[in-house]
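Visitor: Everything in the sequence shown is counted per our numbering, starting at 4 for the first residue and increasing by one. Where is the CB? At the ideal position from N, CA and C, for every residue including glycine. The structure presented is a predicted model; accordingly, all values stated were derived computationally and were not measured. Structure in structure tokens, see below.
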Amino acid sequence: MAAFWTEPDFDDHEHVQVVRDRMSGLTAIIALHSTHLGPGAGGTRYWHYPEPKDAVRDALRLSRGMSYKNAMAGLPLGGGKAVILADKSGQKTQSMLEAFGDSVNALGGRYVTAEDVGISEADMVTVAGRTRYVSGLPVAGENAAGGDPGPFTAMGIYHGIRAAVRHRLGKDSMAGIHVAIQGTGSVGTGVARLLARDGATLTVADINDERAAGLARELGGKAVPSEAIMSVECDVFSPNALGAILDDDGIARLQAPIVAGGANNQLARQEHGAKLAARDILYAPDYVINAGGIISVAMEYLAKRQGEPSDINEVRKRIATIPGRLEDIWRESDATGVSSDAVADAMAQKLIGR
Ligand code: NAD
4 MAAFWTEPDF
14 DDHEHVQVVR
24 DRMSGLTAII
34 ALHSTHLGPG
44 AGGTRYWHYP
54 EPKDAVRDAL
64 RLSRGMSYKN
74 AMAGLPLGGG
84 KAVILADKSG
94 QKTQSMLEAF
104 GDSVNALGGR
114 YVTAEDVGIS
124 EADMVTVAGR
134 TRYVSGLPVA
144 GENAAGGDPG
154 PFTAMGIYHG
164 IRAAVRHRLG
174 KDSMAGIHVA
184 IQGTGSVGTG
194 VARLLARDGA
204 TLTVADINDE
214 RAAGLARELG
224 GKAVPSEAIM
234 SVECDVFSPN
244 ALGAILDDDG
254 IARLQAPIVA
264 GGANNQLARQ
274 EHGAKLAARD
284 ILYAPDYVIN
294 AGGIISVAME
304 YLAKRQGEPS
314 DINEVRKRIA
324 TIPGRLEDIW
334 RESDATGVSS
344 DAVADAMAQK
354 LIGR
């Protein structure tokens, strides 16, 4: 592999570190994209990568995404991300997580971590045994926010879908609006439940057919095979599973005037934002609409630094600003003809001084 700073995904990241701990077998990469607005915040992913270079790329791409996401959410935080490389056995041990915690601690607060794919709340408790630069920890008390970010992410996406329906379809009510949801995990299920309360018509899909069927039964919607969800004729397609689904083939299959969902990195490549616009599909940039979780995690962390619990009402208030940010993006996109993803990127870059 060529030097990582010659990779296309290297974007003048401030700090990229390989962490090796022989005793525990830990191999991890910590990437700090920008600390212009504050400490670089973003979760830790535990994943088996076919090649080490894929892990480097993921860390570079995801940490830049966190800079953009945190800036657009109005948080006093920069962007960072860590990946722990799982070996084939997938053994994630306590000593690995402790060694990882030590390496986060050694950065002295320039990087703040939390859960991401493959890392649980319990894992973060282990990491927190070695460093205080951690968020997403379990919380107690009715008004305390924090812990699993999934429900807060879902809340933001729900608000964002409503804003998209207002903007594109001119409707204030979700009654009878047909939403096709890809992925019925933590985020997809939360979005579906909130939409069902408003009378939306739901079609759901998951590679775990039973999970999708169970949610459809619970909410009175329909479940379809996962291969079919992107071609369902509907008002909103909401991707809440994998990234890179909006490629040439995926975009060609869509039969929806709106794409608005929580999956990270939905566009396979940058050009796919313009391809969506060319099909006159309104796109909610993923890192803007899915910021609810990081808002909760950030508020938890910032409150903890003040020795206070995070206030759930403050978190809700901030999540409710997501539609306004989306409206700004869509208005500028409508006025200039620049696709919404490119408008969002330019706004984020300005905020982080690039
Ligand atoms: P999750 O693991 O709880 O759920 C993902 C679901 O998608 C699973 O049920 C899985 O079976 C399903 N799935 C996987 N591949 C699929 C496919 N090809 N077709 C249909 N379903 C498929 O994860 P989550 O926390 O709900 O996150 C969902 C997405 O949202 C991810 O892309 C994640 O990166 C992103 N995201 C999550 C959060 C959060 O707070 N959890 C925040 C921001 C972004």
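I'd like to know whether the C-beta atoms of L78 and I292 end up nearer to each other than 8 Å.
Guide: The sequence position of residue 78 within the sequence shown is 75, counting from 1. The sequence position of residue 292 within the sequence shown is 289, counting from 1. No, the pair does not count as a contact, with Cβ atoms beyond the cut-off.
Visitor: Does any heavy atom of the ligand NAD sit closer than 7 Å to the C-beta of R256?
Guide: One-based indexing of the sequence shown puts residue 256 at position 253. No; taking the cut-off as 7 Å, the Cβ of R256 has no heavy atom of the ligand NAD nearer than that.
Visitor: Could you check what DSSP says for R25 in three-state terms: helix, strand or coil?
Guide: Stepping through the sequence shown from its first residue, residue 25 is reached at position 22. Coil.
Visitor: From A58 to Y52, what does the alpha carbon distance come to, in whole angstroms?
Guide: Within the sequence shown, numbered from 1, the residue matching residue 58 stands at position 55. Within the sequence shown, numbered from 1, the residue matching residue 52 stands at position 49. Each residue's alpha carbon lies about 6 Å from the other.
Visitor: The beta strand (DSSP E) spanning W333 covers which residue range?
Guide: Counted from its first residue, the sequence shown places residue 333 at position 330. Note, W333: premise wrong, no beta strand (DSSP E); alpha helix (DSSP H) at I325 to T339.
Visitor: Since L65 is in the beta strand (DSSP E), which residue starts that stretch and which ends it?
Guide: For this step, residue 65 is matched to residue 62 along the sequence shown. That residue, L65, is in no beta strand (DSSP E); its alpha helix (DSSP H) goes P55 to M75.
Visitor: On a CA-only basis, which of G41, A247 and R171 is nearest A259? Give me that one, please.
Guide: For the purposes of this step, residue 259 is taken as residue 256 along the sequence shown, with counting starting at 1. The option with the nearest alpha carbon to A259 is R171.
Visitor: Determine the direct distance from the alpha carbon of E118 to that of L140, and round the result to whole angstroms.
Guide: Translated into positions along the sequence shown, residue 140 becomes position 137. Translated into positions along the sequence shown, residue 118 becomes position 115. Computed Cα separation, rounded: 9 Å.
Visitor: Take A74 as the anchor and find which of L305, T38, A89 and M233 has the nearest alpha-carbon.
Guide: What you label residue 74 is simply residue 71 of the sequence shown in a count that begins at 1. A74 has its Cα closest to that of T38, out of L305, T38, A89 and M233.
Visitor: Which residue from A277, D344 and N267 puts its Cα closest to that of D61?
Guide: Here residue 61 refers to the residue found at position 58 when the sequence shown is read from its first residue. Of the candidates A277, D344 and N267, the one whose C-alpha sits nearest the C-alpha of D61 is N267.
Visitor: Assign K84 to one of two classes, buried (16 or more other C-beta atoms within 10 Å of its C-beta) or exposed (fewer than that).
Guide: Taking the sequence shown and counting its residues from 1, one reaches residue 84 at position 81. Its Cβ being crowded by 16 or more others within 10 Å, K84 is buried.
Visitor: Sorry if obvious, but does the Cβ on Q20 come closer than 7 Å to a heavy atom of the ligand NAD?
Guide: Mapped onto the sequence shown, residue 20 falls at position 17. Incorrect: Q20 has no Cβ contact closer than 7 Å to the ligand NAD.
Visitor: Identify every residue that forms a DSSP beta bridge with A258.
Guide: The sequence position of residue 258 within the sequence shown is 255, counting from 1. Checking the sequence, you will find Gln at residue 258 rather than Ala. DSSP output for Q258 lists E236 as bridge partner(s).
Visitor: Grouping DSSP H, G and I as helix and E and B as strand, with all else coil, what is Y136?
Guide: Residue mapping note: residue 136 aligns to position 133 of the sequence shown, counting from 1. Coil at Y136, not helix or strand.
Visitor: Is the number of C-beta pairs between the region 270-289 and the region 241-253 that are closer than 8 Å three or more?
Guide: The region 270-289 is in contact with the region 241-253.
Visitor: Between which two residues does the beta strand (DSSP E) harbouring T192 extend?
Guide: If you number the sequence shown from 1, residue 192 lands on position 189. Segment S189 to R200 is the alpha helix (DSSP H) holding T192; no beta strand (DSSP E) there.
Visitor: Would you call P11 buried or exposed, if buried means 16 or more other Cβ atoms sit within 10 Å of its Cβ?
Guide: The residue given as residue 11 occupies position 8 in the sequence shown. That one is exposed.
Visitor: Whole angstroms is fine: what's the gap from A89's alpha carbon to A301's?
Guide: The count along the sequence shown starts at 1 and reaches residue 89 at position 86. The count along the sequence shown starts at 1 and reaches residue 301 at position 298. Their backbone Cα atoms lie some 27 Å apart in a straight line.
Visitor: Taking DSSP's pairing of strands, which residues face A226 in a bridge?
Guide: As a position in the sequence shown, residue 226 is number 223, starting the count at 1. Beta-bridge pairing links A226 to V207.
Visitor: Looking at G340 and I322, is the spacing between their C-beta atoms short of 8 Å?
Guide: Taking the sequence shown and counting its residues from 1, one reaches residue 322 at position 319. Taking the sequence shown and counting its residues from 1, one reaches residue 340 at position 337. Against a cut-off of 8 Å, the Cβ pair of G340 and I322 comes out as no contact.
Visitor: Compute the Euclidean distance between the alpha carbons of V207 and M26, then round it to the nearest angstrom.
Guide: Walking along the sequence shown from the start, residue 207 turns up at place 204. Walking along the sequence shown from the start, residue 26 turns up at place 23. Distance between the alpha carbons of V207 and M26 is about 45 Å.
Visitor: On the three-state DSSP scale, how would you describe P79?
Guide: By one-based count along the sequence shown, residue 79 stands at place 76. It is coil, neither helix nor strand.
Visitor: Indicate, with yes or no, if the ligand NAD has a heavy atom lying under 7 Å from the CB of T156.
Guide: Position 153 of the sequence shown, counted from the start, is the residue given in the question as residue 156. Yes - the ligand NAD has a heavy atom lying nearer than 7 Å to the Cβ of T156.
Visitor: Which residue from L257, V137, T156 and A351 puts its Cα closest to that of D283?
Guide: Residue numbering aside, residue 283 sits at position 280 when the sequence shown is read from its first letter. For the residues L257, V137, T156 and A351, the minimum Cα distance to D283 belongs to L257.
Visitor: Is it the case that the Cβ atoms of I184 and A195 are separated by a distance below 8 Å?
Guide: If you number the sequence shown from 1, residue 184 lands on position 181. If you number the sequence shown from 1, residue 195 lands on position 192. Yes, the pair counts as a contact, with Cβ atoms nearer than the cut-off.
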